[in-house]
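To convert, note that position 53 of the sequence shown is 52 in numbering that gives the first Met the number 0; the numbers rise steadily by one, no gaps. Cβ coordinates follow ideal geometry from the N, Cα and C atoms, glycine included. Here's the structure, in structure tokens; my notes come after.
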Amino acid sequence: MEVTLSRREPTGASCSTSTPQNPLPQLLQLPSGLALLELQGTINLPDHSEPEEESNGPNQTRIGRLVFPDYDAQDKSTAWMKRVYMYVGKHQRLTGEVKKLPKAIAVIRKKTPLSLQQTMDVEGDTPKTEALEIVEIVKYNILFSSRPEPVGVYDGGN
């Protein structure tokens with residue numbers, strides 16, 4: 000199982016996008032649920048001139064890919080969580096593991112203004128309260144606490 004990671008870069012004044020900028024980090028969907036990605040240190044991103052490291056869209060930089068080498072969809076155990084690789088560019092590999100968070104984290108967002116119209120006050124100009132909704136629950140953390148290892152070009156497991 001592989002997951003490609005990308006980071007959203009801030010948009011400039013001259014750059015227009017149709018989707019609003021989301022300052023929150025993207026969450027990872029694992030077979031066991033959502034996860035946060037925790038890195039200890041700095042990632043040295045690959046040179047943008049490398050053809051494999053193309054951007055995934057406007058204002059995004061590809062960081063790397065996550066590989067779960069021991070994951071088997073048929074196996075219901077959590078042994079696969081003990082080893083996770085994150086490949087950054089062609090020559091760096093971080094080794095980590097998936098850990099269960101001591102307390103789950105709720106991902107919340109404000110309800111859209113259209114859904115808040117029921118809570119308008121008498122004048123109709125300001126809502127009485129701000130409504131929040133729970134979007135997801137995060138129960139896992141992918142932790143990379145060791146230094147990157149130098150590796151050759153990743154061949155996709157072949």
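Check: Heavy atom of the ligand MG less than 6 Å from the Cβ of residue 83, yes or no?; Outcome: What this structure holds is no ligand at all, so the ligand MG is not there to describe.
Check: By Cβ distance below 6 Å, which residues in the same chain neighbour residue 92 in space, the five residues on each side in sequence not counted?; Outcome: 84, 86, 148 and 150
Check: Can you tell me which of 98, 130, 145 and 109 puts its alpha carbon nearest to the alpha carbon of residue 35?; Outcome: 98
Check: Shortest alpha-carbon distance to residue 136 belongs to which of 104, 29 and 40?; Outcome: 104
Check: Alpha carbon to alpha carbon, what distance is there between residue 140 and residue 132?; Outcome: 22 Å
Check: Mind reading off the beta-carbon distance from residue 32 to residue 102? Whole number of angstroms is fine, and I expect it under 8 Å.; Outcome: Their Cβ separation, rounded to whole angstroms, is 14 Å, which puts residue 32 and residue 102 out of contact at 8 Å.
Check: Starting from residue 158, follow the beta strand (DSSP E) in both directions and report where the run begins and ends.; Outcome: Any answer about residue 158 is impossible in this case: the structure gives the chain only from 0 up to 157.
Check: Buried or exposed for residue 134, going by 16 or more other Cβ atoms inside 10 Å?; Outcome: exposed
Check: Quick check: the Cα distance between residue 109 and residue 129, rounded to an integer number of angstroms?; Outcome: 7 Å
Check: For residue 67, which option in 80, 73 and 38 has the closest C-alpha, if you only look at C-alpha atoms?; Outcome: 80
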